[in-house]
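Engineer:
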Ligand SMILES: [Zn+2]
Ligand SMILES: [Zn+2]
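In our numbering, the protein residues as written are 51 to 303.
Written out as structure tokens, the structure reads:
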């Protein structure tokens, strides 16, 4: 399995970190920066997009993605997500007001994108991968994903406050090579993290006690202006396998 962490142009600290991971060049998890990170040809190779939730930093390049691939793909790109997330896309994004409804264009029978509802805990098999959505604890209905092939796996929690099911799934996975999670706010903003259902480094430290697998833990979703505070707080956890999830990183499992 090849996992690419898609980076936004400019890369470093300034500007919001937008979330998107690409697996085997064909399956994306979230769509925060598909169009900045990938050539149009590479975008047209994406057959499936699994969204974790409806927040803008996870979906914001979907409209430009549809424009870029229009006329370049023979079959619809499948957008997999919770019903609530798909409903938000229908109502607020692909609604003909903000952006054309590409779920019926060029025709309802052969649209550019097709919505596919996920149920937490029910795996979906695509492109030789088994992708299991796992409910996490965030402001809107949100799932993380366990992504597995026959030899390897990683788990991406997406945005979440304290939660349990992703740790149960990670601990039970047949293979596990990487655990990707978040630390959005510094410890001093514990109240904000609780209110917005994210994690601070201290909260993440308690969360990681639930992970019994000795795998690398990569942390993302740091608030850009607070990275200089959050990273030392993460280091202070003295977790032996913890690092930041670097933009443009490539993992080969
Ligand atoms: Zn979010
Ligand atoms: Zn987010």
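Virtual Cβ for every residue (Gly too), placed ideally from N, Cα, C.
In the DSSP output, what is residue 98 paired with across the bridge?
Structural biologist: Bridge partners of residue 98: 77 and 128.
Engineer: Identify the residues that DSSP records as bridge partners of residue 293: which are they?
Structural biologist: DSSP output for residue 293 lists 268 as bridge partner(s).
Engineer: Decide if residue 259 is buried, meaning its Cβ has at least 16 other Cβ atoms within 10 Å, or exposed.
Structural biologist: Per the 10 Å Cβ criterion, exposed.
Engineer: Does the distance from the CB of residue 92 to the CB of residue 81 come in under 9 Å?
Structural biologist: No, these two residues do not count as a Cβ contact at 9 Å.
Engineer: Once the 5 residues before and after residue 54 are set aside, which same chain residues still bring their CB inside 6 Å of it?
Structural biologist: These residues qualify, in order along the chain: 72 and 300.
Engineer: Pop quiz: residue 51 and residue 229 are said to be a contact at Cβ under 8 Å. What is the actual Cβ separation, rounded to whole angstroms?
Structural biologist: The pair is not a contact, with the Cβ atoms about 15 Å apart (cut-off 8 Å).
Engineer: Could you tell me the alpha carbon to alpha carbon distance between residue 283 and residue 251, rounded to whole angstroms?
Structural biologist: Each residue's Cα considered, the two are about 6 Å apart.
Engineer: Can you list, in chain order, the residues of its chain with a C-beta nearer than 6 Å to that of residue 225? Leave out the 5 residues immediately preceding and following it.
Structural biologist: Within the same chain, residue 225 has close Cβ partners 202 and 203.
Engineer: To the nearest angstrom, report how far apart residue 169 and residue 101 are at their CA atoms.
Structural biologist: For residue 169 and residue 101, the distance between alpha carbons rounds to 12 Å.
Engineer: The beta strand (DSSP E) that contains residue 166, what's its start and end?
Structural biologist: Where residue 166 is concerned, the enclosing beta strand (DSSP E) stretches over 163-167.
Engineer: At 4 residues or longer, and completely inside the segment 195-247: list those alpha helix (DSSP H) runs for me, N to C.
Structural biologist: Correct list: 215-222 and 240-246.
Engineer: How about residue 126 and residue 164: are their beta carbons less than 9 Å apart?
Structural biologist: Cβ atoms of residue 126 and residue 164: closer than 9 Å.
Engineer: What's the C-alpha gap between residue 76 and residue 84?
Structural biologist: Residue 76 and residue 84: Cα-Cα distance of roughly 12 Å.
Engineer: Rounded to whole angstroms, what's the CA-CA distance from residue 270 to residue 234? Just pull it up for me.
Structural biologist: Their backbone Cα atoms lie some 8 Å apart in a straight line.
Engineer: Please classify residue 288 as buried or exposed, where buried requires at least 16 other C-beta atoms within 10 Å of its C-beta.
Structural biologist: Exposed is the call here.
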